[in-house]
Ligand SMILES: Cc1cc2nc3c(=O)[nH]c(=O)nc-3n(C[C@H](O)[C@H](O)[C@H](O)COP(=O)(O)O)c2cc1C
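In the numbering used here, the protein residues as written are 175 to 491.
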């Protein structure tokens, strides 16, 4: 049986990870169409949401078609995190997430994101404030700890559960590991033992099959996929070949562009959509040549025309 967020059962244990610059509304919708259920937004600065909400419109854009969606907040100030939570609570979303995993300098510097893994007292205040101000289920995305000498995930998971958090996602690396080195399955098991709410495992899952076997191996409630879903939303599907044909890739990319045109006005941001488009050709024979041509496009319509022409050629073959 799939895990639930509060009273809401998930249709799939496969979760799309929050990724700044990537997990906007069109990409979340696309992943959902391929089988993901819970999808996370890009991280949102709690202070920006309170004082410059117009700057956050793109980040909080949602649609009824994408339920259940989680929107993620980051910050270092319990009051501001609470205030921002109250704003997000007004939106038609399923869940609010607290970022305790981001390693970026600008986030760490202010004591937010992964820096909270070395400050359990502040983490507790933030979680309590968010839970108090939320009318939606709250989740927390953590790391294993700050570094190998400060493994705090089980402690912070317990704090979060006591405050009322409904699920924990854990990127099983420390802040000092960044995005490299082995995923620590031991810490996932420790966190699962320390709480009774669902634990979602994250880090280096590169195929649907690998996600299933991790759940089987350690018994986690779900798996969260980030980088491997970029340019490969079919990773969430249990039926699509995980190394699909060029025609299948292009069909998925065309759908991505169509969703971006519907939901991003006046038109999709060229550098962001180019970044997505690139990834659909990862590991393909003609990938390097196609990527070069994608890079050479100077406007969104140019990129769109290039992909449509490419599609015509490939579908004719
Ligand atoms: C481009 C990029 C942006 C990310 N942005 C966020 C973010 O906004 N919030 C967050 O909690 N984690 C963020 N992460 C971390 C991912 O959610 C995930 O924890 C990490 O990539 C490990 O999972 P993976 O191996 O499946 O990619 C980001 C990662 C990448 C690559």
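Here a beta-carbon is modelled for each residue, glycine too, at the ideal position from N, C-alpha and C.
Computed from a predicted model, the values in this text were never measured in an experiment.
- With 16 or more neighbouring CB atoms inside 10 Å of its own CB, residue 223 falls in the buried class.
- Exposed is the label assigned to residue 476, since fewer than 16 other Cβ atoms lie within 10 Å of its Cβ.
- Residue 246 is positioned such that its CB atom lies no closer than 8 Å to that of residue 282.
- Under the three-state reduction of DSSP output, residue 491 falls in the coil class, being neither helix nor strand.
- Classified as exposed, residue 441 has fewer than 16 neighbouring CB atoms from the shown chains inside 10 Å of its CB.
- Here the alpha carbon of residue 279 sits roughly 14 Å from the alpha carbon of residue 273.
- Per DSSP, the continuous alpha helix (DSSP H) segment holding residue 448 begins and ends at 444–453.
- In chain order, 408, 414 and 415 place their CB closer than 8 Å to the CB of residue 422, counting only its own chain and leaving out the 5 sequence neighbours on each side.
- Per DSSP, reduced to three states, the secondary structure at residue 245 is strand.
- Following the DSSP letters along the chain, one finds residue 313 inside the beta strand (DSSP E) bounded by residues 312–319.
- In this structure, DSSP gives residue 441 a state outside helix and strand, which the three-state scheme calls coil.
- Residue 190 and residue 260 have their C-alpha atoms roughly 24 Å apart.
- It is roughly 25 Å from the alpha-carbon of residue 444 to the alpha-carbon of residue 243.
- Counting of Cβ neighbours within 10 angstroms places residue 469 among the exposed residues, the total staying below 16.
- The DSSP-derived three-state label of residue 230 is helix.
- By the CB criterion at 8 Å, residue 220 and residue 248 fall inside the cutoff.
- DSSP places residue 458 outside both helix and strand once states are collapsed to three, so it counts as coil.
- Annotated three-state conformation of residue 353 is coil, per DSSP.
- Annotation: the continuous beta strand (DSSP E) that includes residue 347 extends over 341–348.
- Going by DSSP, residue 307 is part of the alpha helix (DSSP H) stretching over 294–307.
- In this structure, residue 203 lies near residue 240, with their beta-carbon atoms less than 8 Å apart.
- Not one heavy atom of ligand 1 sits closer than 7 Å to the Cβ of residue 382.
- Apart from the 5 residues on each side of it in sequence, residue 378 sits with its Cβ closer than 6 Å to the Cβ of 357 in its chain, given in chain order.
- For residue 215, the enclosing beta strand (DSSP E) stretches over residues 213–219.
- Counting only runs of at least 4 residues, the segment 248–282 fully encloses the following alpha helix (DSSP H) elements, listed from N- to C-terminal order: 252–263 and 279–282.
- A contact between stretches requires three or more CB pairs, one per stretch, nearer than 8 Å, and the segment 376–394 fails this requirement with the segment 428–435.
- Proximity of the beta carbon of residue 318 to ligand 1 is not indicated: no heavy atom of the ligand is located closer than 7 Å.
- Classified as buried, residue 351 has 16 or more neighbouring CB atoms from the shown chains inside 10 Å of its CB.
- Per DSSP, reduced to three states, the secondary structure at residue 411 is coil, with no helix or strand assignment.
- Taking all protein chains shown into account, residue 354 has fewer than 16 neighbouring C-beta atoms within 10 Å of its C-beta and is therefore exposed.
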